[in-house]
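For reference, the structure discussed in these notes is given below.
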Amino acid sequence: MRPEFAASWQRAAAGEELDREDIVNLLAAAPGEEEEALYRLADGVRARVAGDEVHLRGVIEFSNYCRRRCCYCGLRADNARLHRYRLMPEDIVAVARQGVELGYGTIVLQSGEDPWYTAPVLAGIVREIKKMGVAVTLCVGERPREEYALWREAGADRYLLKHETANEELYARLHPGMSWQERLQCLQWLRELGYQVGSGNIIGLPGQTLADLADDLLLLRQLDVEMAGLGPFIPHPATPLAGEPAGSLELTYRVVATARLVIPFAHLPATTAVGTLAPNGRQKALQRGANVIMPNLTPTRYRADYQIYPNKICINEGPEDCRYCLEGMVCALGRRLGRGPGHTLKPIPA
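Going by my numbering, the sequence shown opens with residue 176, and the numbers climb by one from there.
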């Protein structure tokens with residue numbers, strides 16, 4: 176074990192606050208002894224703060240229209256090859272009810288940035304789903320503060336808005352017409368309005384460094400997030416980054432594990448993207464710090480068109496199939512399905 180890695184690992188094991196250099200050292204863990212030590216420590220922290228429960232959060236991808244032109248995303252407005260779709264409000268509510276019947280304690284409403292769904296329309300959908308006794312997470316991008324406020328008043332519990340990268344120059348290069356500062360402003364509004372806030376980043380973007388990834392984790396700590404979505408870059412053929420290599424799966428695992436040490440009380444999903452890159456990708460993420468899985472509730476006929484990245488897993492499975500497959504996966508790891516909404520892991524102030 177290299178001295179610089181060992182020193183940072185020992186600080187993490189002692190529960191000390193990690194600085195940028197420590198985080199870079201952990202992210203640079205070498206295969207073998209160092210990686211295994213990192214994963215073992217992260218899994219131990221996960222067990223202590225989150226227990227053995229794995230929470231399933233049903234995702235409804237209700238629209239693949241998007242006004243943005245993000246260079247890595249297949250939903251980008253410039254992708255004329257994509258068949259676009261929208262679910263009507265009553266259909267979204269019906270799908271949510273199916274998720275509740277399958278035992279999911281959280282329904283996640285996710286879409287591209289689609290202004291067709293006005294703030295009052297989405298508020299009405301949230302109110303109907305809240306009547307079912309579950310938590311509601313919204314993931315619909317940047318909106319004005321008053322719209323976030325309306326949805327919070329309607330009962331929305333959480334909001335997921337990934338910062339994507341803490342490197343402002345890289346963010347500008349990948350997000351034409353967008354502002355990193357505006358993204359952070361939205362995250363601040365969400366915090367002020369009382370949401371449980373989720374953010375996160377993409378791992379393996381062209382030009383990204385380990386120092387950039389360390390800055391991502393430091394930003395997540397600064398934002399005091401309740402959830403962090405950390406997934407690998409997967410190139411989409413209809414984007415400007417089509418020819419770039421995918422992000423490293425092992426680096427993604429190291430980021431997830433290090434995140435568990437930097438932001439121990441955040442919910443960390445084993446993302447669909449890691450399952451897309453490897454058949455056992457989600458299982459490994461769950462053994463390396465993750466504690467959430469987000470099964471897909473989107474009607475099967477639309478799933479292939481929600482192409483943030485290509486070749487996504489589980490696009491042909493029915494909701495029931497997915498539910499019981501995941502239960503088997505979780506139980507095989509010696510874990511159990513979480514009950515209830517799975518709210519924040521943060522300690523309640525005395």
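Backbone N, C-alpha and C fix where the C-beta goes; we use that ideal spot for every residue, glycine too.
Simplified DSSP assignment, three categories, for N200: Looking at N200 - three-state DSSP - the assignment turns out to be helix.
Spatially closest choice to G382 from E344, A441 and R463, by CA coordinates: The residue with the shortest Cα to Cα distance from G382 is E344.
Residues near I488 by beta carbon distance below 8 Å, same chain, minus five either side: Here the set comprises T447, G450 and T451.
Counterpart residues of M402 in DSSP-defined beta bridges: In DSSP, M402 forms a bridge with G373 and H442.
Cβ-based neighbour list, K459, same chain, cut-off 7 Å, excluding 5 preceding and 5 following: For K459, where only same-chain residues beyond five positions count, the Cβ hits under 7 Å are Y428.
For Y214, the first and last residue of its enclosing alpha helix (DSSP H): Residues E208 to A225.
Between the CA atoms of E196 and Y346 - distance to the nearest angstrom: For Y346 and E196, the distance between alpha carbons rounds to 22 Å.
Option nearest V505 by Cα separation, candidates Q462, L395 and P290: Among Q462, L395 and P290, the Cα nearest to that of V505 is on Q462.
Proximity below 8 Å, CB of V431 to CB of G464: In this structure, G464 lies closer than 8 Å to V431 by Cβ.
Segment limits, beta strand (DSSP E) that includes T312: Counting along the chain, T312 sits inside the beta strand (DSSP E) bounded by residues A310 to C314.
Stretch pair the region 206-215 + the region 226-239: three plus CB contacts closer than 8 Å: With a cut-off of 8 Å, the region 226-239 and the region 206-215 do not count as touching, because too few Cβ pairs lie within range.
Pairwise C-alpha distance: G308 and G509: Taking the Cα positions, G509 is about 28 Å away from G308.
Nonlocal neighbours in the same chain, by C-beta distance under 7 Å from T528, ignoring five residues either side: Lying outside 176 to 525, the shown extent of the chain, residue 528 is not represented and no answer is given.
8 Å contact criterion, which I377 and Y247 should meet: CB distance rounded: Between Y247 and I377 the Cβ distance is about 7 Å, and since that is below 8 Å, they are a contact.
Reduced DSSP category for G422 - H, G, I as helix; E, B as strand; rest coil: Note: G422 maps to coil in three-state DSSP.
Cβ separation of G207 and P264, assumed to be a contact under 8 Å, to the nearest whole Å: Their Cβ separation, rounded to whole angstroms, is 52 Å, which puts G207 and P264 out of contact at 8 Å.
Residue from I304, G513, P454 and A222 whose Cα sits closest to the Cα of R498: Per the Cα distances, G513.
Three-state class that DSSP yields for Q360 in the structure shown: If DSSP states are grouped into helix, strand and coil, Q360 belongs with the helices.
Where S354 falls, given that 16 or more other Cβ within 10 Å makes a residue buried: The C-beta of S354 has fewer than 16 other C-beta atoms within 10 Å across all chains shown, which makes the residue exposed.
Rounded separation between L365 and G190 - CA only: Cα to Cα, L365 sits roughly 29 Å from G190.
E236, DSSP secondary structure in three states: DSSP, reduced to helix, strand and coil, places E236 within a strand of the structure shown.
Of the residues E303, P295 and L393, the one placed nearest D266, counting alpha carbons only: The candidate whose alpha carbon is nearest that of D266 is E303.
CB-CB length for Y477 against G249, believed under 8 Å: At roughly 14 Å, the Cβ-Cβ gap does not stay under 8 Å, so Y477 and G249 are not in contact.
Buried versus exposed, by CB contacts within 10 Å (16 or more), N486: With fewer than 16 Cβ atoms within 10 Å of its Cβ, N486 is classed as exposed.
Minimum C-alpha distance to C241 - residue among L257, L424 and L436: Residue L257 holds the alpha-carbon nearest to the alpha-carbon of C241 among L257, L424 and L436.
Counterpart residues of L472 in DSSP-defined beta bridges: Residue pairing by DSSP leaves L472 without any beta bridge partner.
DSSP-derived helix/strand/coil call for L325: Correct three-state label for L325: helix.
Option nearest Y260 by Cα separation, candidates V400, Y334, L520 and T473: Comparing Cα-Cα distances from Y260 to each of V400, Y334, L520 and T473, the minimum goes to T473.
Q360 classed as buried or exposed, judged by whether at least 16 other C-beta atoms fall within 10 angstroms: That one is exposed.
Those residues which DSSP pairs with V229 across a bridge: Paired residue(s): L512.
Helix, strand or coil at Q285 according to DSSP, with G and I counted as helix: In the three-state scheme derived from DSSP, where H, G and I count as helix and E and B as strand, Q285 is classed as strand.
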